[in-house]
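Only one structure is covered here, and it is reproduced in the block below.
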Amino acid sequence: MRAFWLLPLLAACAGGGGGSVATLGCGGDVRLRNVGGMTVEQAYFSPAGSSGWGPDLLAPGTLPPGGSQVVRAAPGRNAVRIIFANGRAAEMPAMDVCATPSLNIEPTGLLASR
Numbered sequence: 001m002r003a004f005w006l007l008p009l010l011a012a013c014a015g016g017g018g019g020s021v022a023t024l025g026c027g028g029d030v031r032l033r034n035v036g037g038m039t040v041e042q043a044y045f046s047p048a049g050s051s052g053w054g055p056d057l058l059a060p061g062t063l064p065p066g067g068s069q070v071v072r073a074a075p076g077r078n079a080v081r082i083i084f085a086n087g088r089a090a091e092m093p094a095m096d097v098c099a100t101p102s103l104n105i106e107p108t109g110l111l112a113s114r
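Read in the working numbering, the sequence shown has 21 at position 21, and its numbers run on one by one without any break.
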């Protein structure tokens, strides 16, 4: 009977820390690579379940063709929205920034990778 007082403590340690196994040790850093021919003016990462896009992670700068920049998103799954200089947008509905911390911005769309 004495060992049962440990059960709540063990349960809290196992899953109550707020982060899943996939996000432990993940700071949310994402390397954006513009491999297309158009400047990226804005980049937004919105955590899963959020209702808005939040701040532009490139502000006050931009990402020129051939450029690369590290931005910080919320660890875990994020929706991604990229706005180009011509106003066109590209979106990815679910990018796990811990599993795939690199995002190629290509003329045909967005490609997440390790």
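Don't be surprised by glycine CBs; every beta carbon is placed ideally from N, CA and C. These figures come from a predicted structure and were not determined experimentally.
Length of the line joining the Cα atoms of residue i and residue j
{"i": "M95", "j": "Q69", "result": "17 Å"}
{"i": "V97", "j": "A112", "result": "8 Å"}
{"i": "N86", "j": "M38", "result": "8 Å"}
{"i": "V40", "j": "T62", "result": "6 Å"}
{"i": "T100", "j": "A43", "result": "17 Å"}
{"i": "E91", "j": "R72", "result": "17 Å"}
{"i": "P107", "j": "R77", "result": "23 Å"}
{"i": "G66", "j": "G36", "result": "7 Å"}
{"i": "R88", "j": "G25", "result": "34 Å"}
{"i": "I105", "j": "R114", "result": "14 Å"}
{"i": "G109", "j": "S50", "result": "23 Å"}
{"i": "D29", "j": "S46", "result": "14 Å"}
{"i": "L32", "j": "P93", "result": "16 Å"}
Anticipated Cβ contact below 8 Å, residue i with residue j, distance rounded
{"i": "G27", "j": "P60", "result": "About 23 Å; that fails the 8 Å criterion."}
{"i": "P64", "j": "N34", "result": "7 Å"}
{"i": "L103", "j": "V80", "result": "7 Å"}
Given residue i as reference, the closest of the options once Cα atoms are compared
{"i": "I83", "options": "P47, R114, W53, G49", "result": "W53"}
Paired residues, beta bridge with residue i - DSSP
{"i": "M92", "result": "V80"}
{"i": "D56", "result": "The partner list for D56 (beta bridge, DSSP) is empty, contrary to what the question assumes."}
{"i": "N86", "result": "Bridge partners of N86: none, in fact."}
{"i": "R31", "result": "V70, S102"}
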